[in-house]
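In what follows, a structure is listed as structure tokens, so that the remarks can point back to it.
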Amino acid sequence: MQYRIPMSLGPPREDLDKDGAVCMVYDVVFHPETVENALAQQEFRDFVMQLTLYQIAQKYKDELQAELKFPKVKGNYKGVAPLPQVMRKK
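Numbered per UniProt numbering, the sequence shown finishes at 90, counting up by one with no gaps.
And the structure:
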């Protein structure tokens, strides 16, 4: 089975974690349908997460730690707001 997962991966940037320590942040934007499927299916969510980690490693040569956290963003940013990203139609 083949999937095409539209995503936009922003550049790495420094921010502060909840304890105030400096951490590296990668902003990733997915097509809404991808998000819906990931929320509904654990196996697909794991696949999307692994794909994202792979893309970060390939694009930025950065291997992320296993204890990743994915906070829910409600539009209120602590620290620096992410750069705008664009997803193109092909």
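Backbone N, C-alpha and C define an ideal beta-carbon position, used for all residues, glycine too.
Asked	Found
Option nearest V29 by Cα separation, candidates V48, Q58, Q65	V48
7 Å Cβ cutoff met for I5 and Y26	no
DSSP-derived helix/strand/coil call for D15	strand
Terminal residues of the alpha helix (DSSP H) in which L64 lies	No alpha helix (DSSP H) contains L64, which DSSP labels as neither H nor E.
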